[in-house]
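The sequence shown: position 279 = 279 (the UniProt record's numbering), numbered continuously.
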Amino acid sequence: MLNTYRGAVVGEELYLELVCALPSPVPQWPCSRAIIRKWKKFKITVNHPRSGAPCKISPPGASMIMRKVKDQPRTTWQDLVNDLKRAGTTVSKKTISNTLRCHGLKSCSARKVPLLKPAHVQARLKFANDHLDDPEEEWENVMWSDETKIELFGLNSTRSVWRKKDEYNPKNTIPTVKHGGGNIILWGCFSGKEIGRLHCIEGRMDGAMYREILANNLLPSVRALKMGRGWVFQHDNDPKHTARATKEWLRKKHLKVLEWPSQSPDLNPIENLWRELKVRIAQRQPRNLKDLEKVCMEEWAKIPAAVCANLVKTYRKRMISVIANQGFCTKY
Numbered sequence: 001m002l003n004t005y006r007g008a009v010v011g012e013e014l015y016l017e018l019v020c021a022l023p024s025p026v027p028q029w030p031c032s033r034a035i036i037r038k039w040k041k042f043k044i045t046v047n048h049p050r051s052g053a054p055c056k057i058s059p060p061g062a063s064m065i066m067r068k069v070k071d072q073p074r075t076t077w078q079d080l081v082n083d084l085k086r087a088g089t090t091v092s093k094k095t096i097s098n099t100l101r102c103h104g105l106k107s108c109s110a111r112k113v114p115l116l117k118p119a120h121v122q123a124r125l126k127f128a129n130d131h132l133d134d135p136e137e138e139w140e141n142v143m144w145s146d147e148t149k150i151e152l153f154g155l156n157s158t159r160s161v162w163r164k165k166d167e168y169n170p171k172n173t174i175p176t177v178k179h180g181g182g183n184i185i186l187w188g189c190f191s192g193k194e195i196g197r198l199h200c201i202e203g204r205m206d207g208a209m210y211r212e213i214l215a216n217n218l219l220p221s222v223r224a225l226k227m228g229r230g231w232v233f234q235h236d237n238d239p240k241h242t243a244r245a246t247k248e249w250l251r252k253k254h255l256k257v258l259e260w261p262s263q264s265p266d267l268n269p270i271e272n273l274w275r276e277l278k279v280r281i282a283q284r285q286p287r288n289l290k291d292l293e294k295v296c297m298e299e300w301a302k303i304p305a306a307v308c309a310n311l312v313k314t315y316r317k318r319m320i321s322v323i324a325n326q327g328f329c330t331k332y
């Protein structure tokens, strides 16, 4: 069809050369002058053969593998190779990788996320829709809290080194120990103003210990950050947090608690602070659990107030992401 059109344009050009002396203008076809020059020089209008090898996977084949990976993200390279082979196209894994990359896809490790049941998804959607239009000032009045486990050699296990093949001297390796060399459990809190207190939990935490932590760390943090009378407390739905005795303690202290959807760590911005803290700790390389606790306290105190403010300032984006993902897990 394209070549027929180009031929018609060339024919018109020759016709124009014959009737150029006519007084009335002759309508022209919309076409590049390059087609005319190609005809005059080579007497053809089709494209010349291009350099390089032609694409092994045809557009229909590319569409087929795109549909496959969209419907089944866990599809392997070999599955795609076999699918194309059955369709009459034999290609390598590298060719398929290049095709997927051209379409904006790359192979990634599947993220580990909390298991979401239908009730969890609906609760997350409701939370996001209910708070989507909340002003930024309301989130600044929330005291976010959570617990985390920090292993002595946790983040060190992911470090990269530059070395030659089979060069396994001590400076190029990371010694491993059972159970991460031990760990500590931390409770912390923060608001849009600044970080609150960080507490190292000794032993197994139960409801009574949790209430003691709140009394000795949450309330002093609220006073230190001058949260004001309208502040709201956030914690997740851990059984120790939702126990009847804990609810009664919160009621007696006249604390307003943010209703929280279960299985939603991605909605709690303190998770970003935990990540920040763990990266800082890995850079310090503590040698034992006592040193680890000391480093945790020091690095927690160094987290800038601007980091806390930015996490709260952009909180609405989390609501938008939950709604866009129809209640399922987000990138946060």
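Note that CB positions come from ideal geometry on N, CA and C, so glycine has one too.
Every value quoted in this text rests on a predicted model; they were computed, and no experiment measured them.
Going straight from the alpha carbon of residue 327 to that of residue 77, what length do you get?
CA-CA distance, residue 327 to residue 77, rounds to 30 Å.
query: Does the beta-carbon of residue 246 have 16 or more other beta-carbons within 10 angstroms, so that it is buried, or is it exposed?
result: Answer is buried; the Cβ neighbour count reaches 16.
With contact counted as at least three CB pairs below 8 Å, one residue from each stretch, are the stretch 253-272 and the stretch 234-241 in contact? In the pairwise beta carbon analysis, the stretch 253-272 is classified as touching the stretch 234-241: at least three pairs are separated by under 8 Å.
- For residue 262, collect the residues of the same chain with a Cβ closer than 6 Å to its Cβ; drop the 5 residues on either side in sequence, then sort them by chain order. Around residue 262, the same chain offers 120, 237 as residues with beta carbons nearer than 6 Å, after the five sequence neighbours per side are excluded.
_For a test of the three-state rule: what should DSSP assign to residue 225, helix, strand or coil?_
Here residue 225 carries a coil assignment [DSSP, helix/strand/coil].
- Message: Cutting at 8 Å between CB atoms, please list the residues of its own chain near residue 1, excluding the five before and the five after it.
- Response: Low per-residue confidence applies at residue 1: pLDDT is 46, beneath 50, and the placement is therefore not dependable enough to give any value.
request  = May I ask which residues mark the beginning and end of the alpha helix (DSSP H) holding residue 64?
outcome  = Here the alpha helix (DSSP H) through residue 64 covers 59-71.
Exercise for the section: Put residue 352 into one of helix, strand or coil per three-state DSSP. Expected result: Not covered by the structure: residue 352. The range shown for the chain is 1 to 332.
Notebook entry, point to check: If you draw a straight line from the alpha carbon of residue 350 to that of residue 68, how long is it in whole angstroms?
Noted result: This structure gives no information on residue 350, because the portion of the chain shown stretches from 1 to 332.
> Is the beta carbon of residue 315 less than 7 Å from the beta carbon of residue 144?
Replying inline: Judged by beta-carbon spacing, residue 144 lies beyond the 7 Å limit of residue 315, meaning their Cβ atoms are not closer than that value.
- Straight-line CA distance for residue 106 to residue 72? When only Cα atoms are considered, residue 106 and residue 72 end up about 14 Å apart.
Give the straight-line distance between the Cα atoms of residue 274 and residue 150, rounded to the nearest whole angstrom.
Within the model, the alpha-carbon separation for residue 274 versus residue 150 is close to 9 Å.
Discussion item. Tell me the rounded alpha-carbon separation between residue 311 and residue 192.
Written reply: The alpha-carbon separation between residue 311 and residue 192 amounts to approximately 7 Å.
Notebook entry, point to check: So the beta strand (DSSP E) residue 147 belongs to, where does it begin and stop?
Noted result: Run containing residue 147: 142-151, per the beta strand (DSSP E) assignment.
>> Residues in the same chain with beta-carbon distance under 6 Å from residue 125, minus the five sequence neighbours each way, listed in chain order, please.
In response: Correct list, in chain order: 327.
Quick check: what's the CA-CA separation for residue 60 versus residue 92? Their backbone Cα atoms lie some 17 Å apart in a straight line.
Taking 7 Å as the cut-off, decide whether the C-beta atoms of residue 230 and residue 141 are in contact. Yes, they are a contact pair.
**Request:** Check whether the Cβ atoms of residue 186 and residue 148 lie closer than 7 Å to each other.
**Result:** Yes, the Cβ-Cβ distance between residue 186 and residue 148 is below 7 Å.
Neighbour-count burial assignment, residue 90, 16 or more Cβ in a 10 Å radius: It is exposed - the Cβ of residue 90 has fewer than 16 other Cβ atoms within 10 Å.
| request: Might you give, ordered along the chain, the residues of its own chain that have their beta carbon closer than 6 Å to the beta carbon of residue 221, omitting 5 neighbours on each side? | output: Closer than 6 Å at the Cβ level, and outside the excluded window around residue 221, lie 189, 196, 197.
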